[in-house]
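In my numbering, the protein residues as written are 14 to 80. Quick reminder that beta carbons are idealized off the backbone N, C-alpha and C, glycines included.
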């Protein structure tokens, strides 16, 4: 990853600031700054869960409808 960072457009492209447990299954989700601020939805990364939610006011989780 460090040797690949030199070729990337932005060295902070894959920056994560938190780990949050999915409210549906408890799997860990990596949270980027945009997700933490509510600008982007969080999608559970578990193979068995497809939960979508948004972080509201940095401390509340709002479920989003499945597409």
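ask   = Among 34, 74, 28 and 41, which residue has its Cα nearest to the Cα of residue 10?
value = The question about residue 10 has no answer, for the chain in this structure spans 14 to 80.
request  = With DSSP as the reference, label residue 60 as helix, strand or coil.
outcome  = In the chain shown, residue 60 corresponds to position 47, counting from 1. The answer is coil: DSSP assigns residue 60 none of H, G, I, E or B.
key: N-terminal and C-terminal residue of the beta strand (DSSP E) that residue 41 is part of   = Numbered from 1 along the chain shown, position 28 holds the residue referred to as residue 41. Per DSSP, the unbroken beta strand (DSSP E) holding residue 41 starts and ends at 41-44.
request  = Alpha carbon to alpha carbon, how far is residue 53 from residue 78? Give it in angstroms, no decimals.
outcome  = Within the chain shown, residue 78 is the residue found at index 65, counting from 1. Within the chain shown, residue 53 is the residue found at index 40, counting from 1. In a straight line, the C-alpha of residue 78 is about 14 Å away from that of residue 53.
ask   = In whole angstroms, what separates the C-alpha of residue 73 from that of residue 60?
value = Mapped onto the chain shown, residue 73 falls at position 60. Mapped onto the chain shown, residue 60 falls at position 47. Taking C-alpha positions only, residue 73 is separated from residue 60 by approximately 24 Å.
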